[in-house]
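Here's the structure, in structure tokens; my notes come after.
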Amino acid sequence: MSDIESRIADTMLAKLRERDPSLGPDALTRPVGELDLDSLDLVELHQQLERELQVKGDLKETAGFAFLDEFTAYFVKLANRG
Amino acid sequence: MSAGIVDIATAKPGRRIDNDHFASIGLTDEWIRRRSGIGSRSWLPDETPLADVAAEACAPIVTRTDDPSSIDALIVVSTSVRQRIPGVAQKVARLAGLAPSVMALDMNAACCGFVYGLVTGVSLCDAGQARQVLVCSVEAMSRMVDRMDRQTACLFGDGSAAVLLADRTDFGGCCRVAGCDGSQASLMRETGAGGIALDGMQVYDRAVRRMSESAQYLFDHGPAPTVLVGHQANSRILEQVRSFSAHLDVPFVNRIENSGNTSSASIPLAFAAELDAGALPATGRLGAVAYGAGEAWGGVAVDYRLPAVPAS
Chain Y
37 MSDIESRIAD
47 TMLAKLRERD
57 PSLGPDALTR
67 PVGELDLDSL
77 DLVELHQQLE
87 RELQVKGDLK
97 ETAGFAFLDE
107 FTAYFVKLAN
117 RG
Chain R
14 MSAGIVDIAT
24 AKPGRRIDND
34 HFASIGLTDE
44 WIRRRSGIGS
54 RSWLPDETPL
64 ADVAAEACAP
74 IVTRTDDPSS
84 IDALIVVSTS
94 VRQRIPGVAQ
104 KVARLAGLAP
114 SVMALDMNAA
124 CCGFVYGLVT
134 GVSLCDAGQA
144 RQVLVCSVEA
154 MSRMVDRMDR
164 QTACLFGDGS
174 AAVLLADRTD
184 FGGCCRVAGC
194 DGSQASLMRE
204 TGAGGIALDG
214 MQVYDRAVRR
224 MSESAQYLFD
234 HGPAPTVLVG
244 HQANSRILEQ
254 VRSFSAHLDV
264 PFVNRIENSG
274 NTSSASIPLA
284 FAAELDAGAL
294 PATGRLGAVA
304 YGAGEAWGGV
314 AVDYRLPAVP
324 AS
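Those sequence lines, one after another, are chains Y and R. In terms of the numbering used here, the first sequence opens at residue 37 and continues consecutively. In terms of the numbering used here, the second sequence opens at residue 14 and continues consecutively.
Right under this line is the structure:
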């Protein structure tokens, strides 16, 4: 796992643990629909990833993601674009 | 010398509506609190004229003023006043006891209205065009929403608050930033069927960004505010702005739990509630930031020194 991927995973896990502190890293592979996240949680996750990586994403794209893996791929691409 | 806030008063008549009220449309207290932080809100009776409610907020200030005729302008801010002819401000002026020489006007910038009104009022004072200006926000958002709409019915509340603006030799200058982006007007709008439609995720995202940026501007371009009050739209938005603004190291007001979103009235109502709770000193510098339909956004910072009387 690259440094960027690790920071993304930490940010996402911190967000998930706001709702369920017992969750471990395996939660990051589950579908968004199976997690206790509402639509505003997804906006908060999007904004927190932007802050962590100092990038600007497009909420219209990330709002439709069904898996957290998609957030990872999207934000890795943004971060690497620089 | 510059203008700032020298008095404040509020009016929240009406019925207290707690979250159990929305069980009939399938919403629970837990669900509403999680998504908005709102526990209850005040709703005015449908027949109560908004001019009466605004006058209830303004009258104590007029009474406390040594010379009411020195209030040269009244700005009544509202997005929920339905009557356009005549405007509501002239009626409020009469009911509140203002002199016939007052220039009274209506203003609407949705949830950003109080910021726009404050900027306008301070500008009139600073330009020497008014000795004192009364800015009053009054809203009955309960009349705007579809009360059967699960997305919006529980979010809004009613109320009114007024502030008196006047020059003081020791007040620092007003700092303001404001703008609008009409291309985003569809994010929050009245529906043809009677109700309000919100694009929740986009509104959340843009509100956090706009209010955080406005707060930063106020700190970068003038004396630092001693308290920051954001438009009380949703506790989740407020807490995200608080997080984004943590480096500013300033008290940030979140009083939405017992008020709901009262649109343009939310900032002065929250400010007054914080003062009445003893959480703020009677002298300081208010930073107010807002985001609303239009989309209209902005921030303003002004000094305040208030009399030792309850605002609510």
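We put the CB at the ideal spot given by N, CA and C, even for glycine. Quick caveat, the model's predicted, so the values are computed rather than measured.
For E152 of chain R and A324 of chain R, what's the separation of their Cα atoms in angstroms? 18 Å
Chain Y contact residues for Q253 of chain R, given Cβ-Cβ distances below 8 Å: E80 and Q83
In the region 203-218 of chain R, which residues sit with their C-beta less than 9 Å from some C-beta in chain Y, listed in chain order? G213, M214, Q215, Y217 and D218
Can you tell me where the beta strand (DSSP E) with G17 of chain R in it begins and where it stops? S15 to A24
Report all residues from its chain with a CB closer than 8 Å to the CB of Y110 of chain Y; omit the five preceding and five following residues, and keep chain order. G93, E97, T98 and F101.
Let me know if N121 of chain R comes out buried or exposed under the rule of 16 or more other beta-carbons within 10 Å of its beta-carbon. N121 of chain R is classed as buried because its beta carbon has at least 16 other beta carbons within 10 Å across all chains shown.
Where does C187 of chain R fall in DSSP's three states? C187 of chain R carries a coil assignment under DSSP once its states are collapsed to helix, strand and coil.
According to DSSP, is F101 of chain Y helix, strand or coil? coil
May I ask which residues mark the beginning and end of the alpha helix (DSSP H) holding V221 of chain R? G213 to D233
Would you say A99 of chain Y faces chain R, with C-beta separation under 8 Å as the test? yes
Helix, strand or coil: which one does DSSP assign to Q145 of chain R? strand
Taking a Cβ distance cut-off of 8 Å, strictly less, list which residues of the region 48-81 of chain Y are near chain R, in chain order. D74, S75, L76, L78, V79 and E80
Which bits of chain Y does R249 of chain R rub up against, with CB to CB less than 8 Å? From the beta-carbon of R249 of chain R, the residues of chain Y found nearer than 8 Å are L76 and E80.
Let me make sure I understand the geometry here. Which of R:A246, R:L293 and R:V263 has the alpha-carbon closest to that of S279 of chain R? R:A246
Inter-residue Cα distance where the pair is D212 of chain R and A22 of chain R: 33 Å
Would you mind reading off the limits of the beta strand (DSSP E) that contains L118 of chain R? M116 to M120
Please list the partners that V221 of chain R has in chain Y, where partner means a Cβ-to-Cβ separation under 7 Å. Q83
State yes or no: is the beta carbon of L95 of chain Y nearer than 8 Å to at least one beta carbon in chain R? Yes, its Cβ sits closer than 8 Å to a Cβ of chain R.
Neighbourhood of V66 of chain R by C-beta, 7 Å cutoff - its chain only, sequence neighbours within 5 removed: A24, P26, L57, V151 and S173
Would V254 of chain R and L293 of chain R qualify as a contact pair, given that the criterion is a beta-carbon distance under 8 Å? no
Stretch pair the region 171-191 of chain R + the region 307-315 of chain R: three plus CB contacts closer than 8 Å: yes
Could you tell me which of R:S93, R:Q142, R:V322 and R:D31 sits nearest to A306 of chain R, measuring between CA atoms? R:S93
Using Cβ-Cβ distances below 8 Å, what residues of the region 34-55 of chain R are close to chain Y? R47 and R48
By Cβ distance, which residues of its chain are closer than 7 Å to M154 of chain R, with the 5 residues on each side in sequence left out? Cβ contact annotation for M154 of chain R (same chain, cutoff 7 Å, sequence separation greater than five): S93, F169, G170, D171, N274, T275 and S276, in chain order.
Any 3 or more C-beta pairs closer than 8 Å across the region 155-165 of chain R and the region 200-210 of chain R: Contact holds: three or more Cβ-Cβ distances are below 8 Å.
Measuring alpha carbon to alpha carbon, tell me which of R:F232, R:A143 and R:E252 ends up nearest L261 of chain R. Relative to L261 of chain R, the option among R:F232, R:A143 and R:E252 whose CA is nearest is R:F232.
Whose C-alpha, out of R:V89, R:L131, R:C124 and R:A140, is nearest the C-alpha of M201 of chain R? R:C124
Do A16 of chain R and A117 of chain R have their CB atoms nearer than 8 Å? no
Would you list the one or two residues that DSSP bridges to R47 of chain R? Note: R47 of chain R sits in no beta bridge, so no partner.
Candidates R:L177, R:V101, R:A102 and R:G100: which alpha carbon is nearest L137 of chain R's? Nearest Cα to L137 of chain R within the set R:L177, R:V101, R:A102 and R:G100: R:L177.
Segments assigned alpha helix (DSSP H), at least 4 residues, entirely inside the region 279-321 of chain R: 279-289
Endpoints, the beta strand (DSSP E) within which D56 of chain Y is located: Where D56 of chain Y is concerned, there is no enclosing beta strand (DSSP E), given that its DSSP letter is neither H nor E.
Can we say the region 130-148 of chain R touches the region 72-86 of chain R, given the rule of at least three CB pairs closer than 8 Å? Contact check between the region 130-148 of chain R and the region 72-86 of chain R: three or more CB pairs, one atom from each, fall below 8 Å, which counts as touching.
Starting from S136 of chain R, trace the beta strand (DSSP E) both ways and give me its first and last residue. Per DSSP, S136 of chain R belongs to no beta strand (DSSP E); it is in the alpha helix (DSSP H), G126 to D139.
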